[in-house]
Amino acid sequence: MTLSRRRLIQLAGGAAAAVPIAGCSELGDKLGDNVGTRSGSSTGSKMKSELDLPEPFQVPLPRPQVLKPTNSDGSTDFYELTQRSAKVEIIPGHQTEIWGYNGTFPGPTIESRAGRRTVVRHRNELSVPVVVHLHGGKTPPEHDGYPIDYILPNGGWKPGGSMPGHSMDPGNTSQGTKDYIYPLDQPAATLWYHDHRMDFTGPQVYRGLAGFHIVRDDEEDALPLPKGEQEVPLFICDRAFSEDGSFRYPSADHNLHDPGVTEKFSDGVLGDVILVNGAPWPIMDVTNTRYRFRVLNGSNARRYGLSLDPKPRDGSSFVQIGSDSGLLGAPIGHDKIEIAPAERYDLVIDFSKFKVGTKVTLRNELDSGKLGSIMQFHVARSASDDSAVPSRLADFEQLDRSMAVQTRQFLFGQGVSGGKRVWAVNGKPFDPKRIDAQPKLGSVEIWKLVTDVHHPVHLHLAHFQVLSRQGRPPSARDAGWKDTVDILPGQVVEVLAKFTGYKGKYVFHCHNLEHEDMVMMSNLEVV
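Quick note: full-length UniProt numbering has the sequence shown finishing at residue 527, numbered continuously throughout.
Structure (C-alpha coordinates):
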(Lines of atoms letter the chains of each structure in order from A and count residues from 1; the text may use other names and numbers.)
(Lines give C-alpha, C1' and ligand atoms only; values in the text may rest on other atoms or scores of the structure.)
Protein backbone atom coordinates (compact mmCIF):
# COMPACT_ATOMS: atom_id res chain seq x y z
CA MET A 1 0.00 0.00 0.00
CA THR A 2 1.27 3.50 -0.87
CA LEU A 3 0.04 6.65 0.87
CA SER A 4 1.48 10.03 0.00
CA ARG A 5 2.58 12.55 2.59
CA ARG A 6 -0.13 14.90 1.31
CA ARG A 7 -2.83 12.22 1.65
CA LEU A 8 -1.87 11.47 5.25
CA ILE A 9 -2.12 15.17 6.09
CA GLN A 10 -5.58 15.17 4.50
CA LEU A 11 -6.58 12.15 6.58
CA ALA A 12 -5.48 13.98 9.70
CA GLY A 13 -7.78 16.85 8.82
CA GLY A 14 -5.06 19.02 7.32
CA ALA A 15 -3.59 19.77 10.73
CA ALA A 16 0.04 19.78 9.66
CA ALA A 17 1.09 21.72 12.71
CA ALA A 18 -0.50 19.17 15.05
CA VAL A 19 0.96 16.25 13.11
CA PRO A 20 4.57 17.14 12.34
CA ILE A 21 5.44 14.43 9.84
CA ALA A 22 8.71 16.01 8.84
CA GLY A 23 11.64 17.11 10.93
CA CYS A 24 13.72 14.67 12.94
CA SER A 25 12.21 11.83 10.89
CA GLU A 26 11.49 12.67 7.27
CA LEU A 27 8.76 10.42 5.90
CA GLY A 28 9.22 11.49 2.31
CA ASP A 29 6.66 11.52 -0.48
CA LYS A 30 5.87 7.81 -0.48
CA LEU A 31 5.44 6.46 3.01
CA GLY A 32 4.20 3.19 1.62
CA ASP A 33 7.21 2.22 -0.50
CA ASN A 34 8.08 -1.36 0.48
CA VAL A 35 5.70 -1.07 3.41
CA GLY A 36 2.88 -3.34 4.45
CA THR A 37 3.30 -6.58 2.57
CA ARG A 38 -0.26 -7.83 2.95
CA SER A 39 -1.13 -11.44 3.63
CA GLY A 40 -4.73 -12.07 4.58
CA SER A 41 -5.37 -8.40 5.46
CA SER A 42 -2.45 -8.24 7.89
CA THR A 43 0.57 -5.99 7.57
CA GLY A 44 3.72 -8.09 7.58
CA SER A 45 5.63 -10.81 5.74
CA LYS A 46 5.14 -14.53 6.13
CA MET A 47 7.82 -16.66 7.78
CA LYS A 48 7.66 -20.18 6.33
CA SER A 49 8.25 -23.22 8.52
CA GLU A 50 11.01 -25.64 7.53
CA LEU A 51 9.31 -28.81 8.80
CA ASP A 52 6.21 -30.69 7.73
CA LEU A 53 3.20 -29.16 9.41
CA PRO A 54 0.55 -31.27 11.11
CA GLU A 55 -2.96 -31.70 9.78
CA PRO A 56 -5.49 -29.52 11.59
CA PHE A 57 -7.82 -30.76 14.32
CA GLN A 58 -5.70 -33.66 15.59
CA VAL A 59 -4.42 -32.22 18.91
CA PRO A 60 -6.76 -31.66 21.90
CA LEU A 61 -7.10 -28.07 23.06
CA PRO A 62 -5.01 -27.54 26.23
CA ARG A 63 -6.04 -25.10 28.93
CA PRO A 64 -3.41 -22.96 30.65
CA GLN A 65 -2.83 -23.87 34.29
CA VAL A 66 -4.43 -21.50 36.81
CA LEU A 67 -1.67 -20.31 39.14
CA LYS A 68 -2.25 -20.66 42.86
CA PRO A 69 -1.13 -17.95 45.28
CA THR A 70 1.95 -18.69 47.33
CA ASN A 71 0.39 -16.72 50.18
CA SER A 72 -2.67 -14.56 50.95
CA ASP A 73 -3.60 -12.11 53.68
CA GLY A 74 -6.55 -9.84 54.35
CA SER A 75 -5.87 -7.55 51.39
CA THR A 76 -3.36 -9.23 49.08
CA ASP A 77 -2.70 -12.40 47.09
CA PHE A 78 0.96 -13.20 46.38
CA TYR A 79 2.21 -15.13 43.35
CA GLU A 80 5.59 -16.18 42.00
CA LEU A 81 6.63 -16.70 38.39
CA THR A 82 10.01 -17.70 37.02
CA GLN A 83 10.95 -16.73 33.48
CA ARG A 84 13.05 -19.57 32.11
CA SER A 85 13.66 -21.68 29.05
CA ALA A 86 12.09 -25.09 28.63
CA LYS A 87 11.62 -27.76 25.97
CA VAL A 88 7.99 -28.53 25.08
CA GLU A 89 6.18 -30.42 22.33
CA ILE A 90 4.16 -28.05 20.16
CA ILE A 91 4.46 -29.69 16.74
CA PRO A 92 3.84 -33.42 17.33
CA GLY A 93 7.11 -35.33 17.35
CA HIS A 94 9.30 -32.24 17.77
CA GLN A 95 10.73 -30.39 20.76
CA THR A 96 10.61 -26.59 20.82
CA GLU A 97 12.65 -24.45 23.18
CA ILE A 98 10.45 -21.74 24.65
CA TRP A 99 10.98 -18.84 26.99
CA GLY A 100 8.07 -19.24 29.35
CA TYR A 101 6.62 -18.06 32.62
CA ASN A 102 7.27 -21.10 34.85
CA GLY A 103 8.49 -22.74 31.66
CA THR A 104 5.07 -22.93 29.99
CA PHE A 105 3.55 -21.43 26.84
CA PRO A 106 1.24 -19.64 27.31
CA GLY A 107 2.15 -18.80 30.87
CA PRO A 108 -0.08 -19.77 33.80
CA THR A 109 -3.35 -17.88 34.16
CA ILE A 110 -3.59 -15.57 37.16
CA GLU A 111 -7.09 -14.94 38.53
CA SER A 112 -7.66 -11.89 40.73
CA ARG A 113 -10.56 -10.14 42.44
CA ALA A 114 -11.31 -6.54 41.51
CA GLY A 115 -10.20 -4.20 44.29
CA ARG A 116 -8.01 -6.85 45.92
CA ARG A 117 -4.28 -6.29 45.57
CA THR A 118 -2.23 -8.82 43.61
CA VAL A 119 1.56 -9.00 43.96
CA VAL A 120 3.50 -11.05 41.43
CA ARG A 121 7.19 -11.76 42.08
CA HIS A 122 8.98 -12.36 38.78
CA ARG A 123 12.35 -14.12 38.74
CA ASN A 124 14.48 -13.79 35.61
CA GLU A 125 16.48 -16.95 34.80
CA LEU A 126 16.95 -16.01 31.15
CA SER A 127 20.13 -14.60 29.62
CA VAL A 128 18.65 -11.19 28.73
CA PRO A 129 16.70 -8.47 30.54
CA VAL A 130 12.92 -8.78 30.79
CA VAL A 131 10.07 -6.39 31.56
CA VAL A 132 6.51 -7.38 32.49
CA HIS A 133 3.46 -5.38 31.40
CA LEU A 134 -0.05 -6.18 32.65
CA HIS A 135 -1.90 -5.29 29.47
CA GLY A 136 -5.18 -3.54 30.31
CA GLY A 137 -4.27 -3.06 33.95
CA LYS A 138 -4.79 0.21 35.79
CA THR A 139 -1.37 0.08 37.37
CA PRO A 140 0.96 2.61 39.06
CA PRO A 141 3.72 3.64 36.65
CA GLU A 142 6.52 1.96 38.59
CA HIS A 143 4.73 -1.40 38.16
CA ASP A 144 3.33 -0.94 34.66
CA GLY A 145 6.29 -2.39 32.80
CA TYR A 146 7.92 0.70 31.35
CA PRO A 147 10.17 -0.60 28.54
CA ILE A 148 13.53 0.22 30.21
CA ASP A 149 12.58 -0.82 33.76
CA TYR A 150 14.45 -4.09 33.39
CA ILE A 151 14.70 -7.18 35.51
CA LEU A 152 18.33 -7.98 34.77
CA PRO A 153 19.58 -11.55 34.55
CA ASN A 154 21.52 -12.74 37.59
CA GLY A 155 24.41 -13.77 35.40
CA GLY A 156 25.10 -10.17 34.38
CA TRP A 157 24.29 -8.29 31.21
CA LYS A 158 26.06 -5.85 28.94
CA PRO A 159 23.83 -3.64 26.77
CA GLY A 160 24.13 -4.08 23.04
CA GLY A 161 23.05 -1.60 20.38
CA SER A 162 19.71 0.17 20.18
CA MET A 163 17.20 1.29 17.62
CA PRO A 164 17.58 4.89 16.35
CA GLY A 165 16.22 7.56 18.64
CA HIS A 166 17.19 6.32 22.07
CA SER A 167 19.91 4.61 24.07
CA MET A 168 19.71 1.30 25.88
CA ASP A 169 20.41 2.95 29.22
CA PRO A 170 18.22 1.20 31.79
CA GLY A 171 15.59 2.91 33.92
CA ASN A 172 14.48 1.61 37.31
CA THR A 173 16.09 -1.81 37.14
CA SER A 174 15.99 -4.80 39.43
CA GLN A 175 18.61 -7.52 39.71
CA GLY A 176 17.19 -11.00 39.24
CA THR A 177 13.72 -10.46 40.76
CA LYS A 178 11.02 -7.82 40.97
CA ASP A 179 7.67 -7.59 42.73
CA TYR A 180 4.94 -6.13 40.51
CA ILE A 181 2.09 -4.67 42.57
CA TYR A 182 -1.36 -4.51 40.97
CA PRO A 183 -4.12 -2.71 42.94
CA LEU A 184 -6.69 -3.85 40.32
CA ASP A 185 -9.11 -1.05 41.10
CA GLN A 186 -11.07 -1.89 37.95
CA PRO A 187 -14.00 -4.07 36.90
CA ALA A 188 -13.88 -7.71 35.80
CA ALA A 189 -12.01 -8.12 32.52
CA THR A 190 -9.77 -10.39 30.45
CA LEU A 191 -6.27 -8.94 30.80
CA TRP A 192 -2.97 -10.50 29.79
CA TYR A 193 0.64 -10.12 30.83
CA HIS A 194 3.60 -10.18 28.48
CA ASP A 195 7.18 -9.08 28.02
CA HIS A 196 7.75 -5.41 27.23
CA ARG A 197 11.53 -5.08 26.93
CA MET A 198 12.68 -2.07 24.92
CA ASP A 199 13.35 -3.01 21.26
CA PHE A 200 12.84 -6.75 21.94
CA THR A 201 9.16 -7.22 22.76
CA GLY A 202 8.57 -8.99 19.43
CA PRO A 203 11.10 -11.83 19.74
CA GLN A 204 10.57 -12.31 23.49
CA VAL A 205 6.79 -12.61 23.23
CA TYR A 206 7.26 -14.83 20.13
CA ARG A 207 9.40 -17.18 22.22
CA GLY A 208 6.58 -17.55 24.73
CA LEU A 209 6.53 -14.74 27.32
CA ALA A 210 2.77 -14.13 27.56
CA GLY A 211 -0.20 -15.36 29.59
CA PHE A 212 -3.74 -14.52 30.78
CA HIS A 213 -4.59 -12.45 33.85
CA ILE A 214 -8.33 -12.56 34.54
CA VAL A 215 -10.00 -10.10 36.89
CA ARG A 216 -13.33 -11.13 38.46
CA ASP A 217 -15.90 -9.15 40.46
CA ASP A 218 -19.25 -9.60 42.19
CA GLU A 219 -21.26 -7.97 39.39
CA GLU A 220 -20.00 -10.47 36.83
CA ASP A 221 -20.28 -13.43 39.23
CA ALA A 222 -24.00 -12.66 39.73
CA LEU A 223 -24.74 -13.10 36.00
CA PRO A 224 -25.95 -16.50 34.73
CA LEU A 225 -23.12 -16.70 32.17
CA PRO A 226 -21.38 -20.02 31.41
CA LYS A 227 -18.94 -20.90 34.20
CA GLY A 228 -16.49 -23.59 35.22
CA GLU A 229 -15.66 -26.00 32.38
CA GLN A 230 -17.86 -23.88 30.08
CA GLU A 231 -15.59 -20.84 30.48
CA VAL A 232 -12.51 -21.24 28.28
CA PRO A 233 -9.59 -18.88 27.51
CA LEU A 234 -8.37 -19.00 23.90
CA PHE A 235 -4.88 -17.57 23.32
CA ILE A 236 -4.63 -17.41 19.52
CA CYS A 237 -1.28 -16.72 17.87
CA ASP A 238 0.81 -17.69 14.86
CA ARG A 239 4.34 -19.03 14.79
CA ALA A 240 6.80 -20.57 12.32
CA PHE A 241 9.17 -23.45 13.07
CA SER A 242 12.69 -24.40 12.01
CA GLU A 243 13.57 -27.90 10.87
CA ASP A 244 14.75 -28.84 14.38
CA GLY A 245 11.41 -27.76 15.89
CA SER A 246 12.62 -24.42 17.28
CA PHE A 247 10.67 -21.21 16.77
CA ARG A 248 11.72 -19.51 13.54
CA TYR A 249 11.97 -15.74 13.96
CA PRO A 250 14.05 -13.31 11.85
CA SER A 251 16.03 -11.59 14.62
CA ALA A 252 19.05 -9.67 13.41
CA ASP A 253 20.82 -11.07 16.51
CA HIS A 254 19.62 -14.46 17.72
CA ASN A 255 21.09 -13.77 21.17
CA LEU A 256 18.86 -10.66 21.46
CA HIS A 257 21.66 -8.31 22.45
CA ASP A 258 21.33 -6.13 19.34
CA PRO A 259 17.79 -5.23 18.21
CA GLY A 260 15.91 -5.53 14.97
CA VAL A 261 14.71 -8.04 12.40
CA THR A 262 15.93 -8.69 8.88
CA GLU A 263 14.67 -6.03 6.48
CA LYS A 264 11.99 -8.19 4.84
CA PHE A 265 10.17 -8.58 8.15
CA SER A 266 10.26 -5.03 9.44
CA ASP A 267 6.57 -4.67 8.55
CA GLY A 268 5.64 -7.55 10.88
CA VAL A 269 6.21 -11.28 11.29
CA LEU A 270 3.43 -13.62 10.16
CA GLY A 271 3.83 -17.30 11.02
CA ASP A 272 2.32 -20.18 9.04
CA VAL A 273 1.08 -22.23 12.02
CA ILE A 274 -1.99 -21.17 14.02
CA LEU A 275 -1.68 -22.06 17.71
CA VAL A 276 -4.44 -21.93 20.31
CA ASN A 277 -3.24 -22.19 23.89
CA GLY A 278 0.06 -23.41 22.47
CA ALA A 279 -1.39 -26.23 20.32
CA PRO A 280 -1.54 -26.27 16.49
CA TRP A 281 -5.08 -26.10 15.10
CA PRO A 282 -6.53 -27.98 18.10
CA ILE A 283 -9.90 -29.67 18.56
CA MET A 284 -12.15 -29.34 21.61
CA ASP A 285 -15.00 -31.64 22.62
CA VAL A 286 -18.00 -29.62 23.82
CA THR A 287 -21.50 -30.40 25.05
CA ASN A 288 -24.55 -28.95 23.32
CA THR A 289 -24.61 -26.04 25.76
CA ARG A 290 -23.41 -22.45 25.91
CA TYR A 291 -19.69 -21.78 26.31
CA ARG A 292 -17.94 -18.57 27.17
CA PHE A 293 -14.67 -17.99 25.31
CA ARG A 294 -12.19 -15.32 26.40
CA VAL A 295 -10.47 -14.73 23.06
CA LEU A 296 -7.06 -13.05 22.89
CA ASN A 297 -5.09 -12.32 19.75
CA GLY A 298 -1.55 -12.91 21.04
CA SER A 299 0.08 -12.70 17.60
CA ASN A 300 2.89 -10.31 16.79
CA ALA A 301 1.24 -8.94 13.64
CA ARG A 302 -1.54 -11.22 12.31
CA ARG A 303 -5.20 -10.19 12.33
CA TYR A 304 -8.00 -12.77 12.31
CA GLY A 305 -11.58 -12.72 11.01
CA LEU A 306 -13.44 -15.10 13.31
CA SER A 307 -16.47 -17.01 12.01
CA LEU A 308 -18.10 -20.42 12.48
CA ASP A 309 -18.46 -23.11 9.82
CA PRO A 310 -21.22 -24.23 9.70
CA LYS A 311 -23.12 -21.28 11.07
CA PRO A 312 -25.83 -22.00 13.66
CA ARG A 313 -29.28 -22.77 12.31
CA ASP A 314 -30.66 -19.61 13.89
CA GLY A 315 -29.31 -16.51 15.59
CA SER A 316 -25.77 -15.15 15.60
CA SER A 317 -22.62 -17.27 15.60
CA PHE A 318 -21.17 -15.25 18.50
CA VAL A 319 -22.77 -13.23 21.25
CA GLN A 320 -20.26 -10.67 22.47
CA ILE A 321 -20.52 -9.92 26.18
CA GLY A 322 -17.21 -8.13 26.78
CA SER A 323 -14.34 -6.28 25.20
CA ASP A 324 -10.74 -5.51 26.21
CA SER A 325 -11.54 -3.83 29.50
CA GLY A 326 -14.69 -5.51 30.76
CA LEU A 327 -18.33 -6.36 30.18
CA LEU A 328 -20.52 -4.53 27.72
CA GLY A 329 -23.70 -2.87 28.88
CA ALA A 330 -25.71 -5.27 26.69
CA PRO A 331 -24.80 -8.23 24.46
CA ILE A 332 -24.14 -7.85 20.73
CA GLY A 333 -24.54 -10.60 18.10
CA HIS A 334 -21.92 -11.19 15.41
CA ASP A 335 -21.50 -13.67 12.58
CA LYS A 336 -17.96 -12.44 11.98
CA ILE A 337 -15.64 -10.45 14.19
CA GLU A 338 -12.15 -9.24 13.30
CA ILE A 339 -9.53 -9.20 16.03
CA ALA A 340 -6.15 -7.46 15.87
CA PRO A 341 -3.03 -8.17 17.93
CA ALA A 342 -3.62 -7.55 21.68
CA GLU A 343 -7.40 -7.19 21.37
CA ARG A 344 -9.68 -9.38 23.47
CA TYR A 345 -13.29 -10.40 22.88
CA ASP A 346 -15.50 -12.14 25.41
CA LEU A 347 -17.78 -14.34 23.28
CA VAL A 348 -20.54 -16.86 23.99
CA ILE A 349 -21.22 -19.69 21.53
CA ASP A 350 -24.46 -21.68 21.94
CA PHE A 351 -23.71 -25.22 20.77
CA SER A 352 -27.32 -26.28 21.35
CA LYS A 353 -27.91 -24.80 17.89
CA PHE A 354 -25.93 -27.70 16.39
CA LYS A 355 -26.80 -31.38 16.29
CA VAL A 356 -24.77 -33.69 18.51
CA GLY A 357 -21.93 -35.08 16.40
CA THR A 358 -21.42 -31.85 14.43
CA LYS A 359 -17.89 -30.54 13.99
CA VAL A 360 -17.84 -26.76 13.99
CA THR A 361 -14.72 -25.00 12.69
CA LEU A 362 -13.60 -21.66 14.06
CA ARG A 363 -12.43 -20.08 10.85
CA ASN A 364 -10.15 -17.18 9.97
CA GLU A 365 -11.85 -15.42 7.08
CA LEU A 366 -8.82 -13.20 6.50
CA ASP A 367 -6.80 -16.12 5.13
CA SER A 368 -7.16 -19.38 3.21
CA GLY A 369 -5.80 -22.91 3.32
CA LYS A 370 -4.57 -24.00 6.72
CA LEU A 371 -4.34 -20.38 7.80
CA GLY A 372 -8.06 -20.10 7.10
CA SER A 373 -8.77 -22.36 10.08
CA ILE A 374 -8.04 -21.75 13.76
CA MET A 375 -9.51 -24.69 15.67
CA GLN A 376 -12.50 -27.03 15.73
CA PHE A 377 -15.26 -27.84 18.19
CA HIS A 378 -16.83 -31.31 18.30
CA VAL A 379 -20.35 -31.27 19.73
CA ALA A 380 -19.77 -34.61 21.41
CA ARG A 381 -22.78 -35.10 23.70
CA SER A 382 -25.90 -33.63 25.27
CA ALA A 383 -25.96 -31.97 28.68
CA SER A 384 -28.23 -29.77 30.75
CA ASP A 385 -27.59 -26.04 30.68
CA ASP A 386 -28.72 -23.48 33.24
CA SER A 387 -26.65 -20.62 31.77
CA ALA A 388 -28.06 -17.62 29.92
CA VAL A 389 -26.97 -14.33 28.39
CA PRO A 390 -29.09 -11.61 30.01
CA SER A 391 -30.17 -8.54 28.07
CA ARG A 392 -28.37 -6.34 30.62
CA LEU A 393 -24.81 -7.20 31.54
CA ALA A 394 -23.25 -4.35 33.54
CA ASP A 395 -23.60 -0.72 34.51
CA PHE A 396 -21.93 1.06 31.62
CA GLU A 397 -20.77 4.67 31.49
CA GLN A 398 -21.16 5.97 27.95
CA LEU A 399 -18.71 8.77 27.20
CA ASP A 400 -19.72 11.71 25.04
CA ARG A 401 -17.70 14.05 22.82
CA SER A 402 -18.77 16.99 24.97
CA MET A 403 -16.86 15.51 27.94
CA ALA A 404 -13.47 15.95 26.23
CA VAL A 405 -11.24 18.76 27.49
CA GLN A 406 -8.51 18.29 24.86
CA THR A 407 -8.11 16.89 21.35
CA ARG A 408 -4.79 15.42 20.22
CA GLN A 409 -3.71 13.95 16.88
CA PHE A 410 -1.18 11.18 16.33
CA LEU A 411 0.02 9.85 12.99
CA PHE A 412 1.25 6.26 13.01
CA GLY A 413 3.44 5.91 9.92
CA GLN A 414 6.78 4.95 8.49
CA GLY A 415 9.77 7.22 8.89
CA VAL A 416 13.54 7.41 8.68
CA SER A 417 15.84 8.10 11.63
CA GLY A 418 19.60 7.78 11.80
CA GLY A 419 19.57 6.63 8.19
CA LYS A 420 17.38 3.63 9.06
CA ARG A 421 13.77 2.90 8.22
CA VAL A 422 11.66 3.00 11.37
CA TRP A 423 8.03 3.17 12.39
CA ALA A 424 7.21 6.44 14.10
CA VAL A 425 4.48 8.40 15.88
CA ASN A 426 4.04 11.93 14.48
CA GLY A 427 7.25 11.36 12.57
CA LYS A 428 9.31 10.89 15.73
CA PRO A 429 11.01 7.70 16.94
CA PHE A 430 10.54 6.78 20.59
CA ASP A 431 12.65 8.68 23.09
CA PRO A 432 12.21 7.74 26.78
CA LYS A 433 13.03 11.33 27.74
CA ARG A 434 10.42 13.03 25.52
CA ILE A 435 6.83 13.51 26.68
CA ASP A 436 4.30 13.74 23.83
CA ALA A 437 1.08 14.21 25.80
CA GLN A 438 0.25 15.40 29.33
CA PRO A 439 -3.39 14.59 30.10
CA LYS A 440 -4.75 15.56 33.50
CA LEU A 441 -5.72 12.87 35.97
CA GLY A 442 -9.47 12.25 35.77
CA SER A 443 -9.86 14.02 32.43
CA VAL A 444 -11.38 12.78 29.16
CA GLU A 445 -9.61 13.53 25.87
CA ILE A 446 -10.25 12.86 22.21
CA TRP A 447 -7.30 11.20 20.52
CA LYS A 448 -7.40 11.28 16.74
CA LEU A 449 -5.33 8.35 15.42
CA VAL A 450 -4.20 8.30 11.78
CA THR A 451 -2.47 5.38 10.04
CA ASP A 452 -0.64 4.44 6.85
CA VAL A 453 -1.01 0.62 7.13
CA HIS A 454 -2.61 -1.64 9.76
CA HIS A 455 -1.75 -0.43 13.26
CA PRO A 456 -3.40 -1.78 16.44
CA VAL A 457 -2.86 1.14 18.83
CA HIS A 458 -2.59 0.44 22.58
CA LEU A 459 -2.74 2.99 25.40
CA HIS A 460 -1.25 2.07 28.75
CA LEU A 461 -3.32 2.99 31.84
CA ALA A 462 -6.15 4.77 29.97
CA HIS A 463 -9.21 2.85 28.84
CA PHE A 464 -11.21 4.39 26.02
CA GLN A 465 -14.30 4.17 23.84
CA VAL A 466 -14.18 4.39 20.05
CA LEU A 467 -15.92 7.58 18.96
CA SER A 468 -15.72 7.43 15.16
CA ARG A 469 -14.13 5.77 12.14
CA GLN A 470 -13.59 7.94 9.09
CA GLY A 471 -15.99 10.46 10.59
CA ARG A 472 -18.75 7.86 10.86
CA PRO A 473 -20.05 5.95 13.90
CA PRO A 474 -17.86 3.06 15.09
CA SER A 475 -18.58 -0.52 14.07
CA ALA A 476 -20.25 -3.10 16.32
CA ARG A 477 -16.87 -4.67 17.09
CA ASP A 478 -15.70 -1.35 18.59
CA ALA A 479 -18.22 -1.54 21.44
CA GLY A 480 -17.28 -1.25 25.10
CA TRP A 481 -14.26 -0.06 27.03
CA LYS A 482 -11.06 -0.83 25.15
CA ASP A 483 -7.31 -0.44 25.55
CA THR A 484 -6.38 -1.43 21.99
CA VAL A 485 -8.03 -0.30 18.77
CA ASP A 486 -7.57 -1.92 15.36
CA ILE A 487 -6.97 0.79 12.74
CA LEU A 488 -7.05 -0.20 9.09
CA PRO A 489 -4.78 1.28 6.39
CA GLY A 490 -5.43 4.94 5.71
CA GLN A 491 -8.04 5.30 8.45
CA VAL A 492 -8.73 8.05 10.94
CA VAL A 493 -10.16 6.77 14.22
CA GLU A 494 -11.20 8.96 17.12
CA VAL A 495 -11.24 7.56 20.65
CA LEU A 496 -12.46 9.07 23.92
CA ALA A 497 -9.80 8.20 26.50
CA LYS A 498 -10.40 8.53 30.25
CA PHE A 499 -7.23 9.03 32.27
CA THR A 500 -8.08 7.64 35.69
CA GLY A 501 -5.89 5.78 38.13
CA TYR A 502 -2.45 7.25 38.71
CA LYS A 503 -0.16 10.13 37.84
CA GLY A 504 3.10 9.35 36.12
CA LYS A 505 4.77 8.37 32.86
CA TYR A 506 3.32 5.68 30.60
CA VAL A 507 3.63 4.72 26.94
CA PHE A 508 1.27 4.29 24.01
CA HIS A 509 2.30 2.41 20.91
CA CYS A 510 1.45 0.19 17.97
CA HIS A 511 0.92 -3.43 19.06
CA ASN A 512 2.26 -4.86 15.85
CA LEU A 513 5.31 -5.92 17.87
CA GLU A 514 7.80 -5.42 15.06
CA HIS A 515 6.50 -1.87 14.64
CA GLU A 516 6.74 -1.29 18.39
CA ASP A 517 10.32 -2.56 18.46
CA MET A 518 11.16 -0.27 15.55
CA VAL A 519 10.27 2.69 17.83
CA MET A 520 6.57 3.23 17.05
CA MET A 521 5.94 4.30 20.64
CA SER A 522 5.49 7.55 22.57
CA ASN A 523 5.28 8.75 26.16
CA LEU A 524 2.24 10.15 27.90
CA GLU A 525 2.48 11.66 31.36
CA VAL A 526 -0.61 11.88 33.51
CA VAL A 527 -0.35 15.05 35.61
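Glycine included, every Cβ here is placed at the ideal spot set by N, Cα and C.
Exercise. Taking only the alpha-carbon atoms, compute the straight-line gap between S174 and E516 and give it to the nearest angstrom.
Key: Taking the sequence shown and counting its residues from 1, one reaches residue 174 at position 174. Taking the sequence shown and counting its residues from 1, one reaches residue 516 at position 516. Going from the Cα of S174 to the Cα of E516 covers about 23 Å.
Practice problem: Within the region 70-108, note down every full beta strand (DSSP E) run reaching 3 residues or more, in order along the chain. | Solution: 76-88 and 96-101
Self-check item: Whether Y345 touches V295 by CB criterion (7 Å)
Solution: Sequence index remark: in the sequence shown, residue 345 carries index 345 (1-based). Sequence index remark: in the sequence shown, residue 295 carries index 295 (1-based). In this structure, V295 lies closer than 7 Å to Y345 by Cβ.
Quiz item: Who pairs with H463 in a beta bridge, going by DSSP?
Solution: Along the sequence shown, read from residue 1 onward, the residue named residue 463 stands at position 463. For H463, which the question treats as bridged, DSSP gives the partners K498.
Quiz item: Hey, how far is the Cα of G100 from the Cα of A476?
Solution: Position 100 of the sequence shown, counting from 1, holds the residue named residue 100. Position 476 of the sequence shown, counting from 1, holds the residue named residue 476. Straight-line Cα distance between these residues: approximately 35 Å.
Exercise. Inspect the beta-carbon positions of F377 and V286 and report whether they are closer than 7 Å.
Key: One-based indexing of the sequence shown puts residue 377 at position 377. One-based indexing of the sequence shown puts residue 286 at position 286. Yes. Within cutoff.
Quiz item: Going by the beta-carbon positions, is the gap between L184 and S112 smaller than 7 Å?
Solution: As a first step, residue 184 is located in the sequence shown; it is residue number 184 there, counting from the start. As a first step, residue 112 is located in the sequence shown; it is residue number 112 there, counting from the start. Contact: yes.
Quiz item: Going along the chain, which residues of its own chain have a beta-carbon closer than 7 Å to the beta-carbon of R434, five neighbours each way excluded?
Solution: Taking the sequence shown and counting its residues from 1, one reaches residue 434 at position 434. Result list for R434: N523, in chain order.
Self-check item: Local Cβ density within 10 Å of P250, reported as buried at 16 or more and exposed below that
Solution: Residue numbering aside, residue 250 sits at position 250 when the sequence shown is read from its first letter. Looking at its Cβ environment, which holds 16 or more other Cβ atoms inside 10 Å, P250 is buried.
Quiz item: What are the start and end residues of the beta strand (DSSP E) that includes L347?
Solution: As a first step, residue 347 must be located in the sequence shown, where it is residue number 347. Run containing L347: R344 to D350, per the beta strand (DSSP E) assignment.
Quiz item: Which residues mark the beginning and the end of the beta strand (DSSP E) in which H135 is found?
Solution: What you label residue 135 is simply residue 135 of the sequence shown in a count that begins at 1. First-last of the beta strand (DSSP E) with H135: V132 to H135.
Quiz item: Is there contact here, the region 94-108 with the region 442-456, by at least three beta-carbon pairs under 8 Å?
Solution: no
Quiz item: Thinking C-beta only, is D335 closer than 7 Å to S352?
Solution: Along the sequence shown, one-based indexing puts residue 352 at 352. Along the sequence shown, one-based indexing puts residue 335 at 335. No, Cβ-Cβ distance for S352 and D335 is not below 7 Å.
Exercise. Would you mind stating whether I181 and V132 have Cβ atoms separated by less than 7 Å?
Key: For the purposes of this step, residue 181 is identified with residue 181 of the sequence shown, where counting begins at 1. For the purposes of this step, residue 132 is identified with residue 132 of the sequence shown, where counting begins at 1. No, the pair does not count as a contact, with Cβ atoms beyond the cut-off.
Practice problem: Ignore the nearest five residues each way along the sequence and tell me which others in P390's own chain have a CB closer than 7 Å to its CB. | Solution: By one-based count along the sequence shown, residue 390 stands at place 390. Only L223 and P224 meet the Cβ criterion.
Quiz item: Assuming F293 and E50 make a contact with CB atoms under 8 Å, what is their CB distance in whole Å?
Solution: Your numbering for residue 293 matches position 293 in the sequence shown. Your numbering for residue 50 matches position 50 in the sequence shown. Their Cβ separation, rounded to whole angstroms, is 32 Å, which puts F293 and E50 out of contact at 8 Å.
Practice problem: Could you work out which residue in K505, F396 and Q470 is closest to F464 when comparing CA atoms only? | Solution: For the purposes of this step, residue 464 is taken as residue 464 along the sequence shown, with counting starting at 1. The candidate whose alpha carbon is nearest that of F464 is F396.
Exercise. State the beta-bridge partners of T358 as determined by DSSP.
Key: On the sequence shown, position 358 is the one that residue 358 refers to. Paired residue(s): none; T358 is not in a bridge.
Quiz item: To which residues does DSSP link N364 through a beta bridge?
Solution: On the sequence shown, residue 364 is found 364 positions in, with the first residue counted as 1. L306, per the DSSP bridge assignment.
Quiz item: Does DSSP classify S522 as helix, strand or coil?
Solution: The residue labelled residue 522 in the question sits at position 522 within the sequence shown. The answer is strand: DSSP assigns S522 an E or B state.
Practice problem: Assign M521 to buried or exposed, taking buried as 16 or more other Cβ atoms, counted over all protein chains shown, within 10 Å of its Cβ. | Solution: In the sequence shown, counting from the first residue as 1, residue 521 sits at position 521. With 16 or more Cβ atoms within 10 Å of its Cβ, M521 is classed as buried.
Quiz item: If I176 sits next to W192, beta carbons under 8 Å apart, how far is it from one beta carbon to the other, in whole angstroms?
Solution: Mapped onto the sequence shown, residue 176 falls at position 176. Mapped onto the sequence shown, residue 192 falls at position 192. First, the amino acid is wrong: residue 176 is Gly here, not Ile. No, G176 and W192 are not in contact; Cβ-Cβ is about 24 Å, not under 8 Å.
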